[in-house]
Structures are given as C-alpha cells and as structure tokens.
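Peer 1: Here it is, the structure in full.
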Amino acid sequence: MHWRKGAWRPPVAPIVRFGALGIAFLLGIWGFSQACEQAGIASTLPQDALRSLGLAVGHFPQALEDRDLPVALHIARWALPLLTVWSMAGLAWTQVRNPWRLALVRARGDHLVISGDADSELAARAALGALDEGRRVLLWPRDRRAGWVPDAIEAGAAEVEQAATDESVQALALDKARAAMLLSREARTNIALAAVLMAEAARVRAAGDPLDVILRVDDLDLRRSVEQRFEQGDRKTARVRMAALPDIAARQLALARPIDAFARAGQAGRGVLVIGFTPLIERYVLRTLAGGHYRDGGKPGFVIHLADAAKAEAGFRARNPGADTLSPLRFVEARADPTGIGALIDQHVAAHGEPVAILIDAGGDDRTLAIALAVDARYRTAALVAPPIHVRMDSGYDARLGAGILPFGALANLADPDMLLQDRHDVLARSIHDFYLEGRFAEGERIGVRASMQEWDDLPESFRDDNRLVADCYSLKLRDIGARLVEGSGPSLVLTPDELEELSRAEHDRWMAAKLVQGWTFGAVRDDAKRLHPDIIPYDELSEAIKDLDREQVRIMARLLGASGRRALRVLRVAILPGGDGACPDPGALLATLYAQYPDRVPLFAGDLADGWARAMMGALHQRGHLVQLLLNAHVQAIIDRLDGADARMAVALVRTADSLYATTDPGEMPDAQLVLTPGPIEDDRAVQLGGDGTIVRAPWAR
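The opening position of the sequence shown corresponds to residue 1 in full-length UniProt numbering, with each subsequent residue numbered one higher.
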C-alpha cells in the first residue's frame, strides 16, 4: 500500500516506466558520444541528446550505420522505442481506464460505492481490501486528489468525484450497486451523503431489493439519533446501517479473544481488569455484559481503573441506565502511570482476585504500550503467568510487544469489507429472527403488531443488532459446554437435559442483560414504547411457557448453524505429554485416525509450551488448522526468551492464536483429557503412543 497518513507515493509502474526511459536516454547520450568519437564525427552534448531522443521514434543517424557500436548505444537503440511505446500505452490507459471501468461497473453491477474524505485511512483500506477480494469498487471521493484515491484506482477501482453531489450520485449506478460505504471521519458529511444516496435509490432502484448504506458514525450518542431518523424512512429501496469503529473493534475483540479463553488452576472467577475507559472500551463492556453469561451462573466482572472515575461512572450510567444491573461495574480512581502499575495490580488482586484478562486503552499508542509493558513486567518479575493483556493500538504493531501483549482496534483490521457488510454474519442472524417469527406466528401474532414483528428486510436496525448478538453468542455457548463451531455440513451435537436447562438459564440471563443494556426495565405489561417487559425477572420466576421459549432458543442452535454452513461438535481433548527435545513426527496419520475414530468430535490438543516435543507437535498441528491449548507454568515471554530463531517465532504464533491458555503449576497433570499423546510407553489407558515416523504404536481403540 503506497498511502500512509495523508502522504501518497506514486505507484510503482509509472516510476519504473519513466525511470527506465531516463536510464535508456542517458545510455543513448553516452553511446552516441563514444560512437561519434570512434567515427571521427564532431559532436556536442546537446547533439548527442537530440540523437538519443530520436531513438525513441526509431531514427538512427545514417553515418553510424554498419559500424561497430558501443554496448550502451545498442541497448539504447532497442530499448528506447520499446520503452516509449510502453510509456505511451501507460499514459493512454490512465486516460481511458476510468471510463472503461465505469462502463463495466454500470453493466455488471454488484459493486461497492466507497466514499471518504482526504485523510480517510478507513476508506483506503476498505477499498483495497474489497479489490483484493475480487469485488468491483466505485470510489465517490470529495476530492479525487485525496491521498487514498490514486492507490485504489491503480489497484482497479473506478471513480466518480463528488464535485456536484446531486449530479455525481446519478453516475454511481445505484440501481445495480451491492452497497455504499460512507467512511469519512466527519459523521455529518456521511449523514448528508446517506440522505442523497437514499433519495437516488428511491428514484432508480426496484422496491424489495434495498441498497445497504453503511454509515460511519463513531459518536455513540449521535448514532442513536441517526438510527431513529433513518429507520423512520422508506426501507424498500435503501436501508442504513451504522458502522461505528468502537462497535466493530469491540465485536472483533469479543469474538477473537473470549474471556473464557484464559483460566488459572483453582480460580473460578471471570474478572477483567480495565485501565482507561474510552468509547471502544465502553462498547466492549456493554457487549460482554449483554452476551457473557455462563451455565454455571457466572457473569463477567469489570473493574475499571482511571483518573476521575466518579465522572466516568456518572457518564456511563447516564448513557446506559441499568446496563450493569446483573453484573455491576466497579470504577476505581487510579492514575495510569507505568511506574505505579505494579501497585495498582497488587491492590486489584487483593480486592478482586487475579483477572482473566487485562484491557488497556490509554488514548494513545505510546502511553498504552508503556502501561502494557509495565503490566507484563510486573507478572514476569513475580514469576507468574500473566493473563492476556489486550492493548488498543491504532498502528496494530510495535516491535516491543511481547507474546502475551495482544493489540486490537487497528484500522487495518476494522476495514475488512466482510466486517463492514456483515453478509455471513447476517445469514445466521436472519435465521434466528425467522425462527422467532415462526414461534410468534404459532401464538397467533401477525407481522406489524410491534417493531420486532417485521420481516428481516423491514426490521429496524436495533432489532437486527439483537439477532447479530445472539448469533455471536452461539460460539460462547458452545465453548461453555466444551464444544466448538466447525465449518461444513453434517450432524451437530445433541445436548444433554442438564446442558439444555443450564444453557436455557444462561440464555435468559443473556436476553435479560441485553434488554437492560438497551434501557428496558421490568413492567407487568409489555410496552415497547416505554421499554417495559414482564420477563425481565430471574429465570426461576418465569412461567414454564416462557422458560420453554429460552429452551427452544437453545435447542434450535444446531439447525440454524447448519443453515449457515457450520455445525457444533464436542471437543476431544488430547493431552500432549512432555517429551523433551525429541524430533516431532508428522501428525498426518494421527489426525486421520482421530477423525475416523471420533467423527463427532473436534480435537483440541493441549500441551506444555516449555517442552520441546509438545511445542513442536502443537506447532505442526496448528499449521494444519487444528485447535491447541497452551499449558503454562511460567511467564510466557520468559519461556520464549529461552528459545532460538524459528522455534521462538513458532511459540509466539502459538500464544497469539491458541484456542485457550491455562495457567497451572503442573502441566503434566491433565486428568480431564480423553486421550494422552506420548512419544514413549506409559501406563495409562488413554495413551496414544507415536513412533518416530508418526505411526501409532499404541492406542485405546487398538486394544
């Protein structure tokens, strides 16, 4: 990518073309100077330059024909005409490519319209990401000289400038467009453009096939008013969806790093230590409060350390009244100074126990990273396994990051077109809503009796978001019972009666928390306008009929996942015993046998990161796309610092992509494993012994 922070570097092709022309021209001058001297022809530098220019159109001095010419002149004689043709073709292409691409876009449709301002890195990354995926992209910039536009055009985008908005919108082929992304930093610019797009879509687009308008509004208060404004309009030809960067980053973090992905032996709590309270952190907290509920009745607990905590708490409660009713937040006055982080963590642990995750967003990359490094150093000095340390970094990378410090919130990740469009996500969310409608129809309700009783295409965005959250929570529910989502078709797991009831209770807690986050409260009679609902009460106080609704939501999970091309399988936990520094065999035969013997399971391989054989085996399995759990009995960076080269890089990759981490004093003790993988003979009925060539020497199914 050539564009960085407002500066644009010309694309490579023109530089190469004109650079090669310049070199060939200089070679021509030098060659003519030598040739004329050898032939006894008087010549000056300007004359040699004119002769060299003549080579570009195939003109060569008659006096030098049939002579032994210098190598430089031979090169220039053949290169300059070819390079001239190449350069002229390139210049011609720059003149005709945009009209040509516009014609193709208008003929084929299904394109993305992307708009951004002069410093819109999000628009730049979204455009290039969409082009990389093979999508057709039509840029709609305020100024075609904006730094990000030439890069996208060079990569294959077409462009229509906004010079006259009402006229330019007619050139966007909205009757055939897939979606429009309005990604300027200035929200009000995006809002104004959205109104123009919706008016044009109403004019040219067929009803029933609405254009998706992705509208960037990062301010959460403004977002609420904008949602209400656009939901009141006609949604048959265009519908608006908010794309707030804090929301996208919070969702990515919640899905990629669930808080149950770290556990410590002997610890049951799910507390999260937070340093700083930005809009992104607030959205993550709200999402976790609404979705993080477990069958054992546990709930996430957030303790937020920041300066002026009382003001932050008052602001949170004013914006989100009742949101933390089921799991109250704690705001603690603290000065986020790297030199005092050790004492802050000590006080937190003494009051609330060890956290399962630490979130840091101090409002700037350098400060955030300094705090994160101090947190990591505190655990390393104490020779303790640190929980995952999640740091908000716009840049997404810094060479000082240790393996256990995990950046999130970088624009490079947020600009993923799939994350903005939510196509696949909405397949499952739509199925969940359709199932809800089926149940309501069976009870005699009809479309339109209230806001939630609408077909998906007419459903207000807030209710769509409810269903998207339910879809995201499926993976958390499965983790809660020791299962995972896998791609592909086939039968899914069947829940036991206890699992069904426990997950139904957790589902009700999740539903109730989501309602509370949205400002709903208990009311004996449902009133959508006043946000009152009679079911905002503990699960045990519900009628059996209402409990059955929660049970059915859990039962239907497998069917709905199947409709989206995925299924749920229980985990087959395979413990990898320490084996020293022996060579790791190819796991191909092992994997083939496991899938044959356990077709209804997904293997999860757990091993000690500090052990060479276990680490090599997990690395080989991870490269094949299999789940690994790392067992840690020391600070992760202390383990990695003892390793060399490729081994250290593999260990870092394992830490950052592992399914889960487990801190324990004895990585060799794994009583809950169904199988035990070992390089040598052991007395254990679960043992699967591998030979040096990867063959299975001994296994439970072979006895």
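C-beta: ideal position from N, C-alpha, C; glycine also.
So which of His352, Arg257, Gly208 has the shortest CA-CA distance to Pro388?
Peer 2: Your numbering for residue 388 matches position 388 in the sequence shown. Among His352, Arg257, Gly208, the Cα nearest to that of Pro388 belongs to Arg257.
Peer 1: Quick test of your reading: Ala123 and Ser115, contact by CB under 8 Å. State the CB separation rounded to the nearest angstrom.
Peer 2: As a first step, residue 123 is located in the sequence shown; it is residue number 123 there, counting from the start. As a first step, residue 115 is located in the sequence shown; it is residue number 115 there, counting from the start. At roughly 7 Å, the Cβ-Cβ gap stays under 8 Å, so Ala123 and Ser115 are in contact.
Peer 1: For Asp337 and Leu428, what's the separation of their Cα atoms in angstroms?
Peer 2: To locate residue 337, count along the sequence shown from 1; it is residue 337. To locate residue 428, count along the sequence shown from 1; it is residue 428. Roughly 44 Å between the two C-alpha positions.
Peer 1: Excluding the 5 residues flanking Asp324 on each side, which residues of the same chain have their C-beta closer than 7 Å to its C-beta?
Peer 2: Working through the sequence shown from its first residue, we reach residue 324 at position 324. Excluding positions up to five away in sequence, the list reads Leu289.
Peer 1: Among residues of its own chain, excluding the 5 on either side of residue 710, which ones have a beta-carbon nearer than 8 Å to its beta-carbon?
Peer 2: Lying before the first or after the last residue shown, residue 710 is absent from the chain, which here runs from 1 to 703.
Peer 1: Restricting to Cα atoms, I'd like to know which of Ile214, Glu461, Gly612, Tyr595 is closest to Ile576.
Peer 2: Here residue 576 refers to the residue found at position 576 when the sequence shown is read from its first residue. Closest by alpha carbon: Gly612.
Peer 1: Count the other CB atoms within 10 Å of the CB of Met1; is the residue buried (16 or more) or exposed (fewer)?
Peer 2: The residue given as residue 1 occupies position 1 in the sequence shown. With a pLDDT of 40 at Met1, under the threshold of 50, the modelled position of that residue is not reliable, and no figure is offered here.
Peer 1: Taking only three categories from DSSP, how would you classify Ser327?
Peer 2: Residue numbering aside, residue 327 sits at position 327 when the sequence shown is read from its first letter. Ser327 falls in the coil class under three-state DSSP.
Peer 1: With H, G and I counted as helix, E and B as strand and the rest as coil, what does DSSP make of His111?
Peer 2: Position 111 of the sequence shown, counted from the start, is the residue given in the question as residue 111. Residue state, collapsed to three classes: coil.
Peer 1: Could you give the DSSP three-state label for Ala206: helix, strand or coil?
Peer 2: Translated into the one-based positions of the sequence shown, residue 206 becomes position 206. Three-state result, Ala206: coil.
Peer 1: Only counting runs of 3 or more residues, tell me where the beta strand (DSSP E) segments fall wholly within the segment 226 to 282, in order along the chain.
Peer 2: 238 to 242, 262 to 264, 271 to 275
Peer 1: Kindly provide the ranges of any alpha helix (DSSP H) runs that are 4 or more residues long and lie completely inside the segment 151 to 222, ordered along the chain.
Peer 2: 165 to 168, 187 to 204
Peer 1: Just the Cα atoms here: how many angstroms apart are Asp685 and Pro700?
Peer 2: As a first step, residue 685 is located in the sequence shown; it is residue number 685 there, counting from the start. As a first step, residue 700 is located in the sequence shown; it is residue number 700 there, counting from the start. Spanning the two alpha carbons is a distance of roughly 6 Å.
Peer 1: Between Leu102 and the rest of its own chain, which residues show a CB-CB distance below 6 Å, the 5 nearest in sequence each way excluded?
Peer 2: Here residue 102 refers to the residue found at position 102 of the sequence shown. Answer for Leu102: Ala158, listed in chain order.
Peer 1: Quick check on the DSSP output: the alpha helix (DSSP H) that includes Tyr662 runs from which residue to which?
Peer 2: By one-based count along the sequence shown, residue 662 stands at place 662. In the DSSP annotation of this structure, Tyr662 is not part of any alpha helix (DSSP H); the continuous beta strand (DSSP E) holding it starts and ends at 660 to 663.
Peer 1: Apart from the five residues just before and just after Thr84, which ones in its own chain have a Cβ nearer than 6 Å to its Cβ?
Peer 2: Taking the first residue of the sequence shown as 1, we reach residue 84 at position 84. Same-chain partners within the cutoff: Ala56.
Peer 1: Would DSSP call His626 helix, strand or coil?
Peer 2: Along the sequence shown, one-based indexing puts residue 626 at 626. In the displayed model, His626 falls within coil according to three-state DSSP, outside both helix and strand.
Peer 1: Is the beta carbon of His626 sitting closer than 8 Å to the one on Leu654?
Peer 2: For the purposes of this step, residue 626 is taken as residue 626 along the sequence shown, with counting starting at 1. For the purposes of this step, residue 654 is taken as residue 654 along the sequence shown, with counting starting at 1. Going by C-beta atoms, His626 is not nearer than 8 Å to Leu654.
Peer 1: Would you identify the three-state DSSP class for Pro603, choosing helix, strand or coil?
Peer 2: Counting from 1 along the sequence shown, the entry for residue 603 is found at position 603. If DSSP states are grouped into helix, strand and coil, Pro603 belongs with the strands.
Peer 1: Is the segment 414 to 429 touching the segment 260 to 267, taking contact as three or more C-beta pairs under 8 Å?
Peer 2: no
Peer 1: Would DSSP call Ile682 helix, strand or coil?
Peer 2: Residue 682 sits at position 682 when you count from the first residue of the sequence shown. Reduced to three states, the DSSP call for Ile682 is coil.
Peer 1: Would you mind giving the Cβ-Cβ distance between Gly28 and Leu64, rounded to the nearest angstrom? I have them listed as a contact below 8 Å.
Peer 2: Taking the first residue of the sequence shown as 1, we reach residue 28 at position 28. Taking the first residue of the sequence shown as 1, we reach residue 64 at position 64. Not a contact, Cβ separation roughly 12 Å.
Peer 1: Would you kindly report the start and end of the unbroken beta strand (DSSP E) that includes His390?
Peer 2: Translated into the one-based positions of the sequence shown, residue 390 becomes position 390. Per DSSP, His390 is one residue of the beta strand (DSSP E) stretching across 389 to 392.
Peer 1: Roughly how many angstroms separate the alpha carbons of His433 and Asp465, rounded to a whole number?
Peer 2: Within the sequence shown, residue 433 is the residue found at index 433, counting from 1. Within the sequence shown, residue 465 is the residue found at index 465, counting from 1. In a straight line, the C-alpha of His433 is about 11 Å away from that of Asp465.
Peer 1: Flag this pair as yes or no: are the beta carbons of Arg505 and Arg295 separated by less than 8 Å?
Peer 2: The residue labelled residue 505 in the question sits at position 505 within the sequence shown. The residue labelled residue 295 in the question sits at position 295 within the sequence shown. In this structure, Arg295 lies closer than 8 Å to Arg505 by Cβ.
Peer 1: Relative to the C-alpha of Gly90, which residue among Leu401, Val16, Ala610, Ala127 is closest?
Peer 2: In the sequence shown, counting from the first residue as 1, residue 90 sits at position 90. Comparing alpha-carbon positions, the option among Leu401, Val16, Ala610, Ala127 lying closest to Gly90 turns out to be Val16.
Peer 1: Measure the Cβ-Cβ separation of Ile281 and Leu359 and say whether it is below 8 Å.
Peer 2: Sequence index remark: in the sequence shown, residue 281 carries index 281 (1-based). Sequence index remark: in the sequence shown, residue 359 carries index 359 (1-based). For Ile281 and Leu359, yes; Cβs fall inside 8 Å.
Peer 1: Say whether the segment 454 to 472 touches the segment 483 to 497, bearing in mind that this needs 3 or more beta-carbon pairs closer than 8 Å, one atom from each stretch.
Peer 2: no
Peer 1: Just list the alpha helix (DSSP H) runs in the segment 419 to 465, keeping only unbroken ones of 4 residues or longer that don't cross its boundaries, in chain order.
Peer 2: 423 to 442
Peer 1: Report all residues from its chain with a CB closer than 6 Å to the CB of Ala42; omit the five preceding and five following residues, and keep chain order.
Peer 2: Residue mapping note: residue 42 aligns to position 42 of the sequence shown, counting from 1. If we look at Ala42 and ignore the five residues flanking it on each side, it has no Cβ neighbours.
Peer 1: Using the Cα positions of Ala118 and Val137, report the straight-line distance between them to the nearest angstrom.
Peer 2: Here residue 118 refers to the residue found at position 118 when the sequence shown is read from its first residue. Here residue 137 refers to the residue found at position 137 when the sequence shown is read from its first residue. Cα-Cα distance, rounded: 18 Å.
Peer 1: Within its chain, find whatever has a CB closer than 8 Å to the CB of Val554; leave out the 5 residues flanking it on each side and keep chain order.
Peer 2: Residue numbering aside, residue 554 sits at position 554 when the sequence shown is read from its first letter. Around Val554: Lys477, Leu495, Leu500, Leu503, Ser504, Glu507.
Peer 1: Relative to the C-alpha of Gly369, which candidate in Met198, Asp48, Ser395 has its C-alpha closest?
Peer 2: Here residue 369 refers to the residue found at position 369 when the sequence shown is read from its first residue. The residue you asked about is not Gly; residue 369 is Leu in the sequence shown. Out of Met198, Asp48, Ser395, Ser395 has the C-alpha closest to the C-alpha of Leu369.
Peer 1: Would you give the residue range spanned by the beta strand (DSSP E) that Leu344 belongs to?
Peer 2: Along the sequence shown, read from residue 1 onward, the residue named residue 344 stands at position 344. It is not in any beta strand (DSSP E) - Leu344 instead sits in the alpha helix (DSSP H) that spans 341 to 352.
Peer 1: Would you decide whether Ile447 is buried or exposed? Buried here means 16 or more other CB atoms lie within 10 Å of its CB.
Peer 2: Reading the sequence shown from its first residue, position 447 is the one you call residue 447. Its Cβ having fewer than 16 others within 10 Å, Ile447 is exposed.
Peer 1: Since Phe408 sits in a beta bridge, which residues does DSSP pair it with?
Peer 2: Position 408 of the sequence shown, counted from the start, is the residue given in the question as residue 408. Paired residue(s): Arg392.
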